[in-house]
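Q: In my numbering, the protein residues as written are 349 to 595.
#1: Given 8 Å as the limit, is there contact between the stretch 505 to 524 and the stretch 455 to 470, that is, 3 or more CB pairs closer than that?
#2: Skipping 5 residues on each side, what residues in its chain have a beta carbon closer than 8 Å to that of residue 434?
#3: What is the rounded straight-line gap between the Cα of residue 470 and the Cα of residue 437?
#4: Just reading off the alpha helix (DSSP H) that residue 393 is part of, what are its end residues?
#5: Does DSSP put residue 421 in a helix, a strand or coil?
#6: Measuring only the C-alpha atoms, how far is residue 569 from residue 413?
#7: Inspect the beta-carbon positions of residue 546 and residue 538 and report whether they are closer than 9 Å.
#8: DSSP three-state label for residue 477, please.
#9: Taking C-alpha atoms, which residue in 447, 465, 440 lies nearest to residue 415?
#10: When you compare the CB positions of residue 384 and residue 417, do they come within less than 9 Å of one another, or not?
#11: Nearest CA to the CA of residue 518: which residue from 533, 543, 406, 465?
#12: Write down the C-beta distance between residue 395 and residue 426 rounded to the nearest angstrom, noting that I regard them as a contact closer than 8 Å.
#13: So, for residue 552: in the same chain, excluding its five sequence neighbours on each side, which residues have a beta-carbon less than 6 Å away from its beta-carbon?
#14: In terms of alpha-carbon separation, which member of 565, 533, 580, 557 lies closest to residue 521?
#15: For residue 440 and residue 432, what's the separation of their Cα atoms in angstroms?
#16: I need the straight-line Cα distance from residue 468 to residue 490, nearest angstrom please.
#17: Roughly how far, in whole angstroms, is the beta-carbon of residue 472 from the beta-carbon of residue 492, given that I think they are within contact range, below 8 Å?
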């Protein structure tokens, strides 16, 4: 019975994959017959309906077949957004970097910098971890750091951009993420009794992320570490700051 069910499942999956492949091939054949205007109209319709996979097929066809067409820059902007919606980080970043390289003075380049930050934030996030309320602060923060730099660049180059205010808010969240990671590292150093390294990490939080929710824990780590190291003056200084703010 189990063998039959297994075979049946494989057969159904094979049929589904074959049907899907056939549908994609048919779509590709239809795309080849369409004018650039019809292709773009279809891409926009697909995006409005939330069918970003189909939209990307049309947009990529436009981008490769009509690279100097009337919609060329808008096609690239739509591709960036569609890749973001599909959570295709690699393709999104590749298209973003290409756009910035080829169109550094375009009126919408601020939007592209903003999207770069969003894509990197997306790469840093694990959907299922969020759904299950799993702590992610001990994960490599490189994507979060990249996102922070992207938003920082946007605000520096385009301070009056309509995306600047949201970028600023996201930078606050990213600072908390980066500070939380440093705290996790410091706590690991405490676990292995690497007191000097723990103190340095905690000090980094105080200097780089002074307005985050991790400051209190950073001070606690510094007090404990300096105590273990016999650094009385440094411990007293950290304790004084702690008492003034949290005592």
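Backbone N, C-alpha and C define an ideal beta-carbon position, used for all residues, glycine too.
In this text the structure is predicted, and so the values were computed from the model without any measurement.
A: Well, looking at it:
#1: yes
#2: 400, 401, 404
#3: 8 Å
#4: 384 to 396
#5: helix
#6: 59 Å
#7: yes
#8: Legend: pLDDT at residue 477 = 48, less than 50; position of this residue unreliable, no value from coordinates given.
#9: 447
#10: yes
#11: 465
#12: 7 Å
#13: 530
#14: 557
#15: 6 Å
#16: 9 Å
#17: 4 Å
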